[in-house]
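One structure below.
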Amino acid sequence: MSLIVKIKKRLKDFSLEVDFKTNGDYLGILGPSGSGKSITLKCIAGVETPDEGYIILNGKVLFDSEKKINLKPQERKIGYLFQNYALFPHMTVEENIGIGLALSKKEKEDKVKEIIKAFHLQGLEKKYPNQISGGQQQRVALARCIIYKPDVLMLDEPFSALDSHLKDQLQNTVLELLKLYDGEVLIVSHSRDEIYRFCKNLVIIDKGKSVLFGETKEIFKQPQIHAAARLTGCKNISKCKVLSSGRVHAVDWNITLETDRIVPENIKYIGIRAHDLQIVNGPKEKEENVIECKINKIVEDVFEYNIFFENLDILFKVSKEKWNNRKEKENLYLKIPKRAILLLR
Amino acid sequence: MDISPIIISLKTASVAIALTFLLGLFAARWVVNIKSKKVKMLLDGILTLPLVLPPTVVGFILLIIFGVNRPIGKFLLQFLGVKIVFSWTATVIAAVVISFPLMYRSARSAFEQVDDNLIMAARTLGMSERKIFWRIIMPLALPGVAGGGILAFARGLGEFGATAMIAGNIENKTRTLPMAIYSEVAAGNMDNAFYYVVVVLLISFLVVLLTNHFSIKERKYFK
Numbered sequence: 001m002s003l004i005v006k007i008k009k010r011l012k013d014f015s016l017e018v019d020f021k022t023n024g025d026y027l028g029i030l031g032p033s034g035s036g037k038s039i040t041l042k043c044i045a046g047v048e049t050p051d052e053g054y055i056i057l058n059g060k061v062l063f064d065s066e067k068k069i070n071l072k073p074q075e076r077k078i079g080y081l082f083q084n085y086a087l088f089p090h091m092t093v094e095e096n097i098g099i100g101l102a103l104s105k106k107e108k109e110d111k112v113k114e115i116i117k118a119f120h121l122q123g124l125e126k127k128y129p130n131q132i133s134g135g136q137q138q139r140v141a142l143a144r145c146i147i148y149k150p151d152v153l154m155l156d157e158p159f160s161a162l163d164s165h166l167k168d169q170l171q172n173t174v175l176e177l178l179k180l181y182d183g184e185v186l187i188v189s190h191s192r193d194e195i196y197r198f199c200k201n202l203v204i205i206d207k208g209k210s211v212l213f214g215e216t217k218e219i220f221k222q223p224q225i226h227a228a229a230r231l232t233g234c235k236n237i238s239k240c241k242v243l244s245s246g247r248v249h250a251v252d253w254n255i256t257l258e259t260d261r262i263v264p265e266n267i268k269y270i271g272i273r274a275h276d277l278q279i280v281n282g283p284k285e286k287e288e289n290v291i292e293c294k295i296n297k298i299v300e301d302v303f304e305y306n307i308f309f310e311n312l313d314i315l316f317k318v319s320k321e322k323w324n325n326r327k328e329k330e331n332l333y334l335k336i337p338k339r340a341i342l343l344l345r
Numbered sequence: 346m347d348i349s350p351i352i353i354s355l356k357t358a359s360v361a362i363a364l365t366f367l368l369g370l371f372a373a374r375w376v377v378n379i380k381s382k383k384v385k386m387l388l389d390g391i392l393t394l395p396l397v398l399p400p401t402v403v404g405f406i407l408l409i410i411f412g413v414n415r416p417i418g419k420f421l422l423q424f425l426g427v428k429i430v431f432s433w434t435a436t437v438i439a440a441v442v443i444s445f446p447l448m449y450r451s452a453r454s455a456f457e458q459v460d461d462n463l464i465m466a467a468r469t470l471g472m473s474e475r476k477i478f479w480r481i482i483m484p485l486a487l488p489g490v491a492g493g494g495i496l497a498f499a500r501g502l503g504e505f506g507a508t509a510m511i512a513g514n515i516e517n518k519t520r521t522l523p524m525a526i527y528s529e530v531a532a533g534n535m536d537n538a539f540y541y542v543v544v545v546l547l548i549s550f551l552v553v554l555l556t557n558h559f560s561i562k563e564r565k566y567f568k
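Right, dumping it as C-alpha cells:
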C-alpha cells in the first residue's frame, strides 16, 4: 500500500509545493495554521486541482498533470474527515452514514447497523447532527468515511474542535476505531502531541512547502531544520556561527557551545528544548556549556515552572520537585548538555 | 361584478411561477457553477436586469422581440401561427420576465450559502453530482428557494407595466387584476376598484405569511 504525492499549486498568498509518500504506516502532516495542510488533503481527495505534479495511490494514478489525468473525487476512493466533520445537517445519523453507499436498501441497512454498533452510536440513529455531542459527531463522520472502505483515510485536524478535557479520551477512542480500518491513514494537525502519539511517519509543511519528511521519533529527536524544530516544540532557537567542527557560537544568546558531533558548515541555527537544560552546582565543576543565569521571572504551571532569565533569552522548563531541591539557591548555573543541542539548517 | 380579472390573474401568475421557478433554479445552478468570475458577473448582470429596469422598458424590449413585424414575432406567426402580442400568453411572458430575477437571485444565494465542505464531503463519499444536487444542495437551499418562489409569484401577480406594453388591457383576455384596478379607477368606478384591491390585499397577505413560515422553518437545523 502506498500513496505518492508530488504536487505544486499556486495559491493566493503562497505557492504549495508538497512531496511525500506513505508506506502503510500512519503519516502525520504537521504545520502551522494556514501553511497549506488542508489544501494538500483537498488536492489528494480531488476536490481541489493542483497545477502540476502527480498523485499515485496503490499504483493507480489519481492525478498527473503531464498525462492529463485527473480523476473525479467520486472515483478516488478517499475518505476525508473534515475539520468540522461536514455532517449533512438535514439528515439523521443513519442517513448520514449510509448516504454514500450504492447498495440495495436491505444491504445498506445491515451495513449501517453494523457500523453504528461498532462505533457505539446505538440509540442515536434517528438524531440530527445538531442534537448530538462533538465527540459523537466525530464518530458519525468517521463511520461515514470508513463504511465506504476508502483506500486512504485522511483526518483534517481531527481533535481541534473538541474541548481539551475530552481530547485524551476521544483520541484513544479514535485510535481504537481506526483499528477497524486497514488502509493508509493521513492525519493533519498543528499539534505536535497528536502527531507524536498517532503517526509513525511525519511530513512537516511550512509556508506551503514540505520541508522535512521522515520517521516521527527521529524528527522529534533531530529536527534538522529551523521550522521543524519550532513545530516539534523547541522553544529556544538561536542563530549561530560555526567556529570549528566541534564549537558553535550562539549569536542570539552570545555564548559559545561545545558539541559532541561534527558541525556541518550549513548549520545556521542551534536549538535547545526547554526541558533539556540542566541545573548544575556552579562553574567550579569545570563542565562545558555552563552558563551563569540571572532569573528574571518564574511562571508557575500545573506541574512545572517556566523560568525566564535577564541575561539570556532562553526558556527553561523544570519540574517543581527538581527546582525546589536545587542545592545552589543564590546563583543559578545552567548546563546545556552536548547531546541535547539541536543543529539546524 | 366581473370576476374574470381574478381568474386571469391567478391563471397567469400560476403558469408564470411554474416557468419562473424552473428557469430561475436552472439559471442559478448554472451561474453558481461557472468558474470564470468575469463571465459570472456579466451573466448575473443580464439575468438581474429586469429587476432594476422600469417595467415599461422591459415591455418595450419584449415588444421589439415579439412584435409581428420583428424576426422572432414574424417567425412565430408565419410558421407556428402564434401571435404573442396582445394575447394571454403575453401576460405570462411579461410576468415571467419581470419576476424571474427574484427567483434567480434567491435561488442563487441559497445555493451559495450551502457549506462548500458539505459538497466536498459528498463528493469524497462517491455521490454523483446529480445526487448531490437533489439530496444535499436542494434540501439545504429549500427555504431560500421557496422564499424566492413566493416573492416571484407575488411579483408576477402584481405585474402591470410590461403587461400593459405587450399584452394590453383587453377585457376577458389580458385584463389582469392590476389592469382591472387601473381601468376601474380611470372609469371612475371606485367601488369596483375597491373590490379588486381587497382581493389583491388578501392574496398578498397570504404570501407574506407563507414567506415567514419558510424563513422560520429554515432555522430548524442550524440552531
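The listed protein sequences correspond, in order, to chains A and B. Here the numbering used here is used: position 231 in the first sequence is 231, and no number is missing along the way. Take any residue in the second sequence, count from 1 to its spot, add 345: that is its number in the numbering used here. Cβ coordinates follow ideal geometry from the N, Cα and C atoms, glycine included. Please read these numbers as outputs of a predicted model, since none were measured by experiment.
Restricting attention to 413/B, 493/B, 467/B and 490/B, the CA atom closest to the CA of residue 145/A is found in 467/B. Following the DSSP letters along the chain, one finds residue 213/A inside the beta strand (DSSP E) bounded by residues 209 to 215.
Apart from the 5 residues on each side of it in sequence, residue 156/A sits with its Cβ closer than 8 Å to the Cβ of 37, 38, 41, 80, 81, 82, 83 and 188 in its chain, given in chain order. Taking residue 444/B as the centre and dropping the five residues before and after it, the same chain places the C-beta of 365, 497, 500 and 501 closer than 6 Å to its C-beta, in chain order. Taking 8 Å as the threshold, the shortest C-beta distance from residue 489/B to chain A does not fall below it. Within the stretch 460 to 539 of chain B, the complete alpha helix (DSSP H) segments of 4 residues or longer fall at 461 to 469, 474 to 477, 483 to 502, 506 to 511 and 522 to 531, listed in chain order. Residue 343/A sits away from residue 202/A, with the two beta carbons spaced by 8 Å or more. Within chain A, 88 have C-beta atoms less than 7 Å from the C-beta of residue 481/B, given in sequence order. Annotation for residue 256/A: no alpha helix (DSSP H) segment contains it, though the beta strand (DSSP E) segment containing it runs 255 to 258. Below 8 Å, too few C-beta pairs join the stretch 476 to 487 of chain B and the stretch 383 to 399 of chain B to call them touching: fewer than three.
Counting only the Cα atoms, residue 331/A lies some 7 Å from residue 292/A. Taking C-beta atoms as the reference points, residue 53/A and residue 65/A count as a pair closer than 8 Å. Nearest C-alpha to residue 369/B among 558/B, 433/B, 490/B and 505/B: 490/B.
By the neighbour-count definition (other C-beta atoms within 10 Å, threshold 16), residue 226/A is a buried residue. Nearest to residue 163/A by alpha-carbon distance, out of 135/A, 290/A and 329/A, is 135/A. The Cβ of residue 466/B sits closer than 8 Å to at least one Cβ of chain A.
Distance from residue 333/A to residue 299/A at the Cβ level is roughly 21 Å; contact not present, criterion being Cβ atoms closer than 8 Å.
Straight-line spacing of the CA atoms in residue 129/A and residue 104/A works out to 25 Å.
Residue nearest to residue 430/B within the set 535/B, 510/B and 452/B is 510/B (criterion: CA-CA distance).
Only buried fits residue 272/A, as 16 or more other CB atoms lie within 10 angstroms of its CB. Secondary-structure assignment with DSSP links residue 79/A through a beta bridge to 153/A. At a C-beta separation below 8 Å, residue 473/B has these neighbours in chain A: 74. Around the beta carbon of residue 303/A, fewer than 16 other beta carbons sit within 10 angstroms, so the residue counts as exposed.
Using beta-carbon distances, residue 378/B does not count as an interface residue toward chain A, since no partner is under 8 Å.
DSSP lists no beta-bridge partner residue for residue 330/A. DSSP places residue 374/B inside the alpha helix (DSSP H), whose first and last residues are 349 to 377.
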